[in-house]
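Below is one structure, written out as C-alpha cells; the observations come after it.
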Amino acid sequence: MRKLISIDQIFNKQYYIKSNWIYLLIPLGAVFYLINILRTYLYDKGFLKKYKIKVPVIIVGNITLGGTGKTPLALNLITKFINKGLQPALISRGYGGNKKNITEVLETTNVRIVGDEALLIKTKSKIPVFVGKDRVSAAKKLLNKYPETSIIISDDGLQHLKLARDYEIIVIDSKRKFGNGFLFPAGPLRENKTRLGKVDAIVIKGENNNPKFYQMKYITKCLKNLKTGKKIKFKDLQNKNVVAITAIGNPESFFSTLIDNGLEFKKIIFNDHYLFKKSDFVKYEDCNIVMTEKDAIKCKQFATKNFWIIPLETEVDENLFLNILKKVA
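For the sequence shown, the numbering used here gives the first residue as 7, with consecutive numbering after it.
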C-alpha cells in the first residue's frame, strides 16, 4: 500500500489507535483548550465583533480533524432548499486550493485554485459558491453579486466565530467518533465535547442509536465511469484488478464502502486534498481505478476509461430539514 501522507495525517492516525506517546502532547492540548476558551469568550462578550449578514447562515461543521461527512450533508441540504423554492448559496475556506483572495467558484475554475470540496459542490449543485479565508467577506461578496440568495451554508464554518450564524450543525462519524477524546495536538478534537450541547443539531453519519441526533446514511448504487459516464454494478469489477486511490480525510470510510460491495482492491492513500497529477496514475494504466467524487473532481482533465467513481447519495433524517426551516424561515 503506497502512502504519500503528511505529518498531520500521521498524527491523525494515532488519534484513533492506542498510542502511548501521544500522551506527551496533552499539555499542548491544554494550551489549545485555553486559547479556544479565551477566543470564544471574547466573541461572546463582544470584545471581538461578530458580523451578521442579511440572510440566514447555516453552519455545517465538526469538532474533530478529518472527514466526517460535512460536504455530503451540505449537498443534501442544498437540494432540499432548492426543492422548497429557496435560493441557497455556499461559502467555504477552499481547503486544498491556493487562492488567498475571495473567489467565486465556477465549474471551469481550476481545482488548484479553489480546492476539491468547493469545486465538487459547485459542479453538483450549480448554486453560487465562494471561497475565502474570511467568510464574512466571502458572504458579503456573494450577496453583492447574487442578491436573490435567501440562505447561505458555511461549509466547515463552526470555528469561524466572526460570522454570526442562525443554525449550527455538527457532523459526527459513528465509527471514528472522537478518537482518544483529547484536544489537538494530543487528539483529534478541535473543540471540547461540551460544544455538542451548544449547537442546534447533531448529525450522525452511520449508525445512530440516540433519538436526539439525526442520522445520515450514504447510499451507493453503482460505479460511474469518469471519462464516459457509463454506469456499472459493483459486481462487474469483482475478480478484476482494482486499485482504490484516495486523498480524503477518512480513507477507511471509502475502503469500507468498497468492501461492503464485494470488491477486493489495492489501497493507495495520498494526503488529504492532494492535487492529483497524470503521472500519479501511469503505473495503474492496466487497472480499474476507483475513487470518490471528491478525488475525481481533480482528475477530470486526464482521466481515461479505467477511472471509476462512486456517485454518492445521502439519506438524511427529514426532521433535520424541518427543524432548520422552523428556526430560520
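Note that beta-carbon positions come from the ideal geometry of N, C-alpha and C, so glycine has one too. Computed from a predicted structure; not experimentally measured.
What first and last residue would you give for the alpha helix (DSSP H) that runs through residue i?
i	result
serine 259	257-266
tyrosine 57	Looking at the DSSP string, tyrosine 57 is not in any alpha helix (DSSP H), and its letter there is neither H nor E.
Give me the residue from the options with the minimum Cα distance to residue i.
i	options	result
isoleucine 274	Asp266, Glu258 and Asn267	Glu258
valine 177	Gly193, Lys168, Thr155 and Leu202	Leu202
leucine 229	Gln221, Leu328 and Leu243	Leu243
isoleucine 303	Lys211, Ile23 and Leu112	Leu112
lysine 181	Asn245, Asn256, Phe240 and Lys300	Asn256
threonine 127	Lys139, Trp314, Ile108 and Leu96	The sequence given here places isoleucine at residue 127; threonine does not occur at that position. Nearest of Lys139, Trp314, Ile108 and Leu96 to isoleucine 127, Cα basis: Leu96.
aspartate 140	Arg99, Arg118 and Gln165	Arg99
asparagine 245	Val61, Leu269 and Tyr22	Leu269
phenylalanine 271	Lys283, Leu48, Val296 and His279	Val296
lysine 183	Tyr290, Leu30, Thr298 and Leu71	Leu71
Applying the criterion that 16 or more other CB atoms from any shown protein chain within 10 Å of the CB defines a buried residue, is residue i buried or exposed?
i	result
isoleucine 330	buried
leucine 318	buried
valine 322	buried
aspartate 292	exposed
glutamate 211	One detail in the question is off: residue 211 reads as lysine in this sequence, not glutamate. With 16 or more other Cβ atoms within 10 Å, it is buried.
proline 194	buried
aspartate 161	buried
lysine 24	exposed
Is the beta carbon of residue j closer than 8 Å to that of residue i?
i	j	result
tyrosine 173	valine 334	yes
isoleucine 65	isoleucine 175	yes
alanine 124	valine 142	no
leucine 92	serine 156	yes
threonine 320	leucine 79	yes
lysine 300	isoleucine 254	yes
Shorter than 7 Å, the distance from the beta carbon of residue i to the closest heavy atom of the ligand MG, or not?
i	result
glutamine 307	Summarising the ligand content, the structure contains no ligands, and the ligand MG is consequently not present.
What span of residues does the beta strand (DSSP E) with residue i cover, start to end?
i	result
asparagine 107	No beta strand (DSSP E) contains asparagine 107, which DSSP labels as neither H nor E.
isoleucine 251	248-252
glutamate 319	319-322
> Where in the region 132-210 do unbroken runs of the beta strand (DSSP E), each at least 3 residues long, occur, reported from the N-terminal end onward?
Replying inline: The region 132-210 contains, as complete beta strand (DSSP E) runs of 3+ residues, the segments 135-137, 157-161 and 173-179 (chain order).
> Residue ranges of each beta strand (DSSP E) run of no fewer than 3 residues wholly in the region 18-72, ordered along the chain?
Replying inline: Runs of the beta strand (DSSP E) inside the region 18-72: 63-67.
>> Quick check on the DSSP output: what are the complete beta strand (DSSP E) runs of length 3 or more inside the region 73-104, in order along the chain?
In response: The qualifying runs are 94-98.
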